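As structure tokens, the structure follows; a few thoughts come after it.
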């Protein structure tokens, strides 16, 4: 009796695996076919994939961010010029240091003569070198400023940030005037959402932090009762629960980055907004002589 060819048993053994692979690709094709025709349909497909547990929620959020970012420009995410924090090249060292402490930024546009004449970017850490060597000229510490048009696509801007190893760019309008500034963090947050910083530590639940200059950094979702207790004030807490909601109500809209609102004896300076809400306020107490009456 002749035995069956040995090759046949190998094919038979491989058949289940091949069938399994075909089944997987068939399911994949079934999932994406006929395929989305518009961007909204693509986003809806991603949401469906998350619902079916094919992708994680975090992945869906980032993928949507990448898709939506294709329509955004530097002008859409920049900090507008009136709300930019500048340094004057001719300012005394103590004044420069106070500005760095008050704003808590790591990079600053530096101007000479007028704010339209930006001559470079100063790293906050480089300013400390003047303490060790006062004979240094501040100009030697400046780094070249990068200028981009308002119409610069965020995809291209991110590519430039990565290739040039820059983290900040000055945005100019069609007439060559300074329109604002944009950072690599602003671009990345359009993809991954808010990037936590050094203030988001193990004590983040409190939402209130003391800064080096004696002012405070307060999260927008901090309860008004917590703010009242921390600052010994009596802000109304009957209609709104969070300080961000109260400030938005007083202003009549969501405040923009750089704007300030005074409530009672406190000044709330918007440091960061995200997702249609204020993420961080810088809060300082207003001197009684400056009140001039009720807020």
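In our numbering, the protein residues as written are 2 to 296.
C-beta: ideal position from N, C-alpha, C; glycine also.
It should be emphasised that the depicted structure is a prediction, and the values quoted were computed from it without experimental measurement.
- What residue does the alpha helix (DSSP H) around residue 231 start on, and which one ends it? 225-232
- Message: Suppose the cutoff is 8 Å on Cβ atoms and the five residues either side in sequence are ignored; what does the same chain contact list for residue 180 look like?
- Response: 76, 79, 81, 82, 151, 172, 173, 174
- Which one or two residues does DSSP pair with residue 263 in a beta bridge? 268
- Message: Any contact between the region 212-230 and the region 110-122? By contact I mean 3 or more CB pairs, one from each, below 8 Å.
- Response: no
- Query: Does DSSP classify residue 90 as helix, strand or coil?
  - Reply: coil
- Item | alpha helix (DSSP H) segment containing residue 79, residue limits | Here residue 79 belongs to no alpha helix (DSSP H), and DSSP marks it neither H nor E.
- To which residues does DSSP link residue 282 through a beta bridge? 219, 271
- List the whole-angstrom C-beta distance separating residue 50 from residue 61, where the pair is believed to meet the contact cut-off of C-beta under 8 Å. 7 Å
- Task: Determine the contact status of residue 255 and residue 219, defining contact as a CB-CB distance below 8 Å.
- Result: no
- Message: Tell me the residue span of the beta strand (DSSP E) that contains residue 180.
- Response: 179-184
- May I ask you to verify whether the region 249-264 touches the region 180-190, counting CB pairs closer than 8 Å and requiring at least 3? no
- Look at the Cβ atom of residue 144, then the Cβ atom of residue 122, and state whether they are nearer than 8 Å. yes
- Which class does residue 115 belong to by DSSP, given the choice of helix, strand or coil? strand
- Query: Secondary structure at residue 310, three-state DSSP: helix, strand or coil?
  - Reply: Examination of residue 310 is not possible in this model, given that the chain is present from 2 through 296 alone.
- Message: I'd like the list of long-range same chain contacts for residue 56, defined as Cβ closer than 6 Å, with 5 residues on each side in sequence excluded.
- Response: 50
- Task: Give the single residue among 74, 138, 68 whose Cα lies nearest to the Cα of residue 92.
- Result: 138
- Query: How is the beta strand (DSSP E) around residue 287 delimited, first residue to last?
  - Reply: Careful: residue 287 lies outside any beta strand (DSSP E) and carries neither H nor E.
- Between residue 281 and residue 272, what straight-line distance do the alpha-carbon atoms span, to the nearest angstrom? 5 Å
- Taking just the CA atoms, how far does residue 86 sit from residue 115? 13 Å
- Item | Neighbourhood of residue 165 by C-beta distance below 8 Å, restricted to the same chain and skipping five residues each side | 147
- Item | Inter-residue spacing [alpha-carbon to alpha-carbon] between residue 262 and residue 237 | 15 Å
- Message: Can you look up residue 123 in the DSSP assignment and give me helix, strand or coil?
- Response: strand
- Message: Could you check whether residue 98 and residue 88 sit closer than 8 Å to each other, using their CB atoms as the reference points?
- Response: no
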